[in-house]
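Here's the structure we're looking at; comments come further down.
There are 2 protein chains.
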Amino acid sequence: MSMIVNRRDLDFTMYEVLGLNKLLNHQRYAEFDRESVDAILDLSQSVAEDKYLSCAATIDAEEPEYIDGKARTHPATKEALAAYNDAGLMVTGYDAEHGGMQLPWMVHQAVNGMFTCANVGVASYSFLTQGAANMLIACGSQELQDKYLPNMVEGKWCGTMCLSEPQAGSSLADIRTKAEPKGDGSYALSGTKMWISGGDQDLTENIIHMVLAKLPGSPAGVKGISLFLVPKNRVNDDGTIGDSNNIALAGLNHKMGHRGTTNCLLNFGESGETLGYLVGGENEGLANMFHMMNEARISVGMGAVMSAKAGYLYSLDYARNRPQGRPLVNRDPESPMIMISEHADVKRMLMTQKAFVEGAHTLMYYCAELIDTQKTSDDEEDNQRIALLLELLTPICKSWPSEYCLEANKLAIQVLGGYGYTREYPVERFYRDNRLNHIHEGTWAIHGLDILGRKVRIAGGAAVDILQAEIQATIDASADCAELSQEALDLSASLKLVRETIVAVGQSSDPALALANATIFLDAMGHVVIAWMWLKQAIAASKGLASGNDADRAFYQGKMAATRFFFRYELPKIKANLALVADLDSTCYDLTAEQFIGN
Amino acid sequence: MSMIVNRRDLDFTMYEVLGLNKLLNHQRYAEFDRESVDAILDLSQSVAEDKYLSCAATIDAEEPEYIDGKARTHPATKEALAAYNDAGLMVTGYDAEHGGMQLPWMVHQAVNGMFTCANVGVASYSFLTQGAANMLIACGSQELQDKYLPNMVEGKWCGTMCLSEPQAGSSLADIRTKAEPKGDGSYALSGTKMWISGGDQDLTENIIHMVLAKLPGSPAGVKGISLFLVPKNRVNDDGTIGDSNNIALAGLNHKMGHRGTTNCLLNFGESGETLGYLVGGENEGLANMFHMMNEARISVGMGAVMSAKAGYLYSLDYARNRPQGRPLVNRDPESPMIMISEHADVKRMLMTQKAFVEGAHTLMYYCAELIDTQKTSDDEEDNQRIALLLELLTPICKSWPSEYCLEANKLAIQVLGGYGYTREYPVERFYRDNRLNHIHEGTWAIHGLDILGRKVRIAGGAAVDILQAEIQATIDASADCAELSQEALDLSASLKLVRETIVAVGQSSDPALALANATIFLDAMGHVVIAWMWLKQAIAASKGLASGNDADRAFYQGKMAATRFFFRYELPKIKANLALVADLDSTCYDLTAEQFIGN
Chain X
3 MSMIVNRRDL DFTMYEVLGL NKLLNHQRYA EFDRESVDAI LDLSQSVAED KYLSCAATID
63 AEEPEYIDGK ARTHPATKEA LAAYNDAGLM VTGYDAEHGG MQLPWMVHQA VNGMFTCANV
123 GVASYSFLTQ GAANMLIACG SQELQDKYLP NMVEGKWCGT MCLSEPQAGS SLADIRTKAE
183 PKGDGSYALS GTKMWISGGD QDLTENIIHM VLAKLPGSPA GVKGISLFLV PKNRVNDDGT
243 IGDSNNIALA GLNHKMGHRG TTNCLLNFGE SGETLGYLVG GENEGLANMF HMMNEARISV
303 GMGAVMSAKA GYLYSLDYAR NRPQGRPLVN RDPESPMIMI SEHADVKRML MTQKAFVEGA
363 HTLMYYCAEL IDTQKTSDDE EDNQRIALLL ELLTPICKSW PSEYCLEANK LAIQVLGGYG
423 YTREYPVERF YRDNRLNHIH EGTWAIHGLD ILGRKVRIAG GAAVDILQAE IQATIDASAD
483 CAELSQEALD LSASLKLVRE TIVAVGQSSD PALALANATI FLDAMGHVVI AWMWLKQAIA
543 ASKGLASGND ADRAFYQGKM AATRFFFRYE LPKIKANLAL VADLDSTCYD LTAEQFIGN
Chain C
3 MSMIVNRRDL DFTMYEVLGL NKLLNHQRYA EFDRESVDAI LDLSQSVAED KYLSCAATID
63 AEEPEYIDGK ARTHPATKEA LAAYNDAGLM VTGYDAEHGG MQLPWMVHQA VNGMFTCANV
123 GVASYSFLTQ GAANMLIACG SQELQDKYLP NMVEGKWCGT MCLSEPQAGS SLADIRTKAE
183 PKGDGSYALS GTKMWISGGD QDLTENIIHM VLAKLPGSPA GVKGISLFLV PKNRVNDDGT
243 IGDSNNIALA GLNHKMGHRG TTNCLLNFGE SGETLGYLVG GENEGLANMF HMMNEARISV
303 GMGAVMSAKA GYLYSLDYAR NRPQGRPLVN RDPESPMIMI SEHADVKRML MTQKAFVEGA
363 HTLMYYCAEL IDTQKTSDDE EDNQRIALLL ELLTPICKSW PSEYCLEANK LAIQVLGGYG
423 YTREYPVERF YRDNRLNHIH EGTWAIHGLD ILGRKVRIAG GAAVDILQAE IQATIDASAD
483 CAELSQEALD LSASLKLVRE TIVAVGQSSD PALALANATI FLDAMGHVVI AWMWLKQAIA
543 ASKGLASGND ADRAFYQGKM AATRFFFRYE LPKIKANLAL VADLDSTCYD LTAEQFIGN
């Protein structure tokens, strides 16, 4: 079995639960059919297994070094990226007009997912580049696009996002990097940027930074932030590489995981002039950055799912091949040992992983389908509905996998026992990698405030109405499956509880107290959405079982069991949590810093 | 503030919540009073901060190496251990007759706790030695004690536990190491032992291994296991070191955390004869090993608490000094930033850590007090009650902190954000260290089976009756505090739920299904016990508040708040979990290995 993908499950998600077939019939994706999609996935799996998976442990153990002001990566990094680029996989997500393959986003995500699963440290370089390039496409002038985009699309140059500064992490309002207009359309940038993934490397001849900075006299706070394209090396008018743009690598951060990707402290304009170019309008930097950030946030969720999928597949394979102990009802030491996958608690740990990983996985593809639907529909009203739904789902897409797929990684270690705790096996690496995801692209708390303070209220609560309608459609569709009637009722009741909580919170006269338990709300609402994803899967599995395909019987039964598991073992947890939110519990909110330890 | 101990909280636990004062009046501890205990704790704190904390990051980064068949540790390890030994702290836990200080176990645990908190990698060497020495005291012949004990007590020689083998981790019934009697009272050992912490090192001139092995013709399974003392180097009759005992270091395991402690694969009797000496009776090895394992299991829990305490103290200090963002009700970017400890969700994360860490911390000291009470009481019946209660609490002591104190470490990283994810800050190390604790000394699942399959049934359920009586005594004592009436009711109802669950499980006709959700039962029962510990603390805090000591007001208020937090945010979670256990839910139990991925 593959350690990076369960193709049967991927097909199930894309073709049975969701409507990739229908999408492939659309003119936009006319070049593809199921056969060609399969071929691309085959190619991706092969390159990811051969070139990414094979060096993942090495790249983690021998992390990038800071040498003479430059970042040096492990040589296998460059080789792996070259194989990915050479296979033409760098361009799966771009439109044809930009030199891309114009695959459905769902399939593009499946391709990227395999590489993330195989080796997140290498994969990050290209995915950050794709994000930066997409922002340039969305907000950059034609001139900037002409000059910088082709090399980014082709993977010749990498891209980064430069938001944070040492004193301004979550609080972007407080960034200090300055951009002084030079009068010729360019700007001189000065300041320090922190946590820049891929901020320096020896992989590509240039790096295109997307940098948030402030113009002279701009408004205070986030309203005065502009976005700049800042190349590591200047680019001549003929497209050749010119002088250094004087961005100094001040140091590398040494992370617990994601060690294959350089993470940098960069100084702009310290040792000479650093030139940048405005992307989008003045003071519109944050809004423009969000073009990239929403995509980045779903990618973070996808990354969390993929790290957990790696752990799930590995620990499942291990459990099915590791003999240890005997059944509780027959402890005779003379009888042979059984595989640990036969022990009830190992089953529980594998099932928990399955429920978390495949539940979140389905959500990622559901969102990809929404994006594809937007791209293939001319119905403005429908697209507006989808946009609102995506806004509401984004904090869940980002945060729920960051929490529960990390939990899955914790359990993968437990399945392997002592072996799982050593670096001789990969599961501890996945756990270290995944711990990042709650932190970058907006912390857990920020997404809690986003969903409860903003997203459930936008357009008069329209996003929640849309979600409710979508969930109701799934509940209605489940009516054909009598064995899902309890789950349908539970989901309905859970959604009602979410809505009642939103109303209760809205009635608070203290807006800060109202949001004090926002993280807990985000967590609970995520559970409802994932339960919905499981009901979707169960409906498809139920149809599959009815179709009587013997070869797939165990697969579909597993889906039905995982649905029952999520509804019985997980969904009930939301009740106590939502009660805390609705009651505006102030236990934590009322605390003073002194009360924690007494001084 | 200290990064390894909150002395105010330690005093609160020992003197206000529990009865160290009373213990110090007992003849057994006549040499000590509060003043001398304080002096020992001062000394311990000073040595732990100066010599252990200072090199903890270094020892983690520069882990032991395997060189020419030997393990080489970082030089700071030896220096730190020497400082601990020179301060006389190695002997705090032994009785005077064995050359020990004969401190109350509670205080001995407080001393060890500081060292664990400061640097678990170094501390493990001495604590494993103390465990091995205590087993030798409990089960070894006078001759063996005379020959080996003094050097172990003084810390000149280290000790280890050798249970697992590559093919036999959790399943000790399947160990293959053999011990052939030589006819002169010694045995020739042969076999391979895995996961041996401190199994080889360059710190002490000898290492005393406590090894499980099988005699020729012994019964199959755990009934045929005997325990042997096996020195690394043979010891001459005059006590000097003789020849090598031919224990080969086959390799080191490279763990995610606990990197300061060597973890070894050892081959016995491969390159020459390895001599061992029977400890206790033939085939009584497992029972004898349990003398060490129960102590070891509580120590594992204590280790988990201490790793989490380290993260809690560090992240609290950070949160109180890191400015970032503004209050939700005043986002004016021109206003100064606030400390992150003022943000509601940071308070929630700090409070969650406090509730988990200090709740589990109290349980560890409660158990220590039980042990001290046993040591100071001649009342056989009472001691029997205490023994049963300790049996019941041991799996909780081991597993609950392994789960929730790890969760606390996860939150400590989140409080520090991106910084917390880097090795430039210590919180990611604590998280890596703590992940081990669910694995060694019996996995999570094994403790679940132990508590639900055995401990709640021993002596006709007497242990649960004793626990109930103890909890009821606390509930009765809370009657004076009107503000705790809801918590008292909740605790009472929760305990009732636990008992009902035990009854429901007992009625199952399928013993394997009855235990299928045992881990979840262990988790829920742990929550009830920790809630009890918080009620104990709240009663003491309430008294403290009533006594009107202004200096301690914030401290006591924090304890009251943490009690409310645990009862409101955590305890309600048990209801859904215990329902699954009582209903004998078979969702996971029924699964086949094929159903996870379909083949």
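From first to last, the protein sequence lines are chains X and C.
With our numbering applied, the first sequence corresponds to residues 3 to 601, in that order.
With our numbering applied, the second sequence corresponds to residues 3 to 601, in that order.
Where a beta carbon is used, it is the ideal one built from N, C-alpha and C, also for glycine.
CA-to-CA, the gap between Ile-198/X and Val-237/X works out to about 21 Å. A straight line joining the alpha-carbon of Gly-226/X with that of Glu-443/C spans about 57 Å. For Met-308/C, the enclosing alpha helix (DSSP H) has its first and last residue at 287-321. Bridge partners of Met-163/C according to DSSP: Met-212/C. Here Leu-517/X has Leu-451, Leu-454, Gly-455 as same chain residues with Cβ atoms under 7 Å from its own Cβ, once five neighbours each way along the sequence are excluded.
Counting along the chain, Pro-183/X sits inside the beta strand (DSSP E) bounded by residues 180-183.
Comparing alpha-carbon positions, the option among Asp-97/X, Leu-524/X, Trp-534/X lying closest to Ala-495/X turns out to be Trp-534/X. DSSP places Val-348/C inside the alpha helix (DSSP H), whose first and last residues are 346-378. In its chain, beyond the 5 residues on either side, Ala-506 have a beta carbon closer than 8 Å to the beta carbon of Asp-585/C. Closest option to Phe-14/C, judged by alpha-carbon separation, among Leu-497/C, Glu-360/C, Leu-582/C, Ser-166/C: Glu-360/C. Per DSSP, the continuous alpha helix (DSSP H) segment holding Phe-523/C begins and ends at 520-548. For Thr-445/C, the nearest CB of chain X lies under 9 Å from its own CB, placing it at the interface with that chain. The DSSP-derived three-state label of Asp-492/C is helix.
By the neighbour-count criterion, in which 16 or more other beta carbons inside 10 Å mark a residue as buried, Arg-387/X falls on the buried side. Looking at Ala-215/X, Asn-153/X, Thr-131/X, the one whose alpha-carbon comes closest to that of Gly-271/X is Ala-215/X. Taking Tyr-591/X as the centre and dropping the five residues before and after it, the same chain places the C-beta of Leu-515, Ala-518 closer than 7 Å to its C-beta, in chain order. Annotation: the continuous alpha helix (DSSP H) that includes Tyr-558/X extends over 555-567.
Using a CB distance below 9 Å, the part of the stretch 161-178 of chain C facing chain X consists of Ser-166, Gln-169, Ala-170, Gly-171, Ser-172, Ser-173, Ala-175, Asp-176, ordered along the chain.
Annotation for Glu-382/X: the continuous alpha helix (DSSP H) segment containing it runs 382-418. Among the CB atoms of chain C, none fall inside 9 Å of the CB of Arg-456/X.
Chain order gives the chain X residues near Cys-590/C as Ala-346, Lys-349, Arg-350, Met-353, Phe-567, where near means a beta carbon separation below 7 Å. Ranked by Cα distance from Asp-380/C, the first of Tyr-17/C, Arg-9/C, Arg-30/C is Arg-30/C. Segment contact: the stretch 520-538 of chain X against the stretch 537-545 of chain C, fewer than three CB-CB distances shorter than 8 Å; contact not assigned.
Identification of chain X residues near His-256/C by a Cβ-Cβ cut-off of 7 Å yields Thr-424, Arg-425, Glu-426, ordered along the chain.
Sorting Phe-432/X, Glu-336/X, Leu-395/X by C-alpha distance to the C-alpha of Ser-309/X places Phe-432/X at the top. For the pair Ala-490/C and Cys-399/C, the Cα-to-Cα distance works out to about 22 Å. For Lys-457/C against Leu-372/C, the beta-carbon gap comes to about 15 Å, at or over 8 Å, which does not count as contact. Beta-bridge partners of Cys-266/C (DSSP): Ile-198/C, Leu-254/C. Look at Thr-424/X here: in three-state DSSP terms it is strand.
Against chain C, the CB of Val-331/X has a partner CB under 9 Å away; the residue lies at that interface. Contact of Asn-269/X with chain C is not assigned, every C-beta pair being separated by 9 Å or more. Bridge partners of Ala-170/X according to DSSP: Glu-167/X. When rounded, the separation of the alpha-carbon atoms in Ala-89/C and Asp-384/C is 36 Å. One finds Ile-599, Gly-600 in chain X with Cβ atoms closer than 9 Å to the Cβ of Asp-11/C, taken in chain order. In the DSSP assignment, Gly-278/X falls within the beta strand (DSSP E) that extends over 276-280. Interface with chain C (9 Å Cβ-Cβ cutoff): His-442/X is included.
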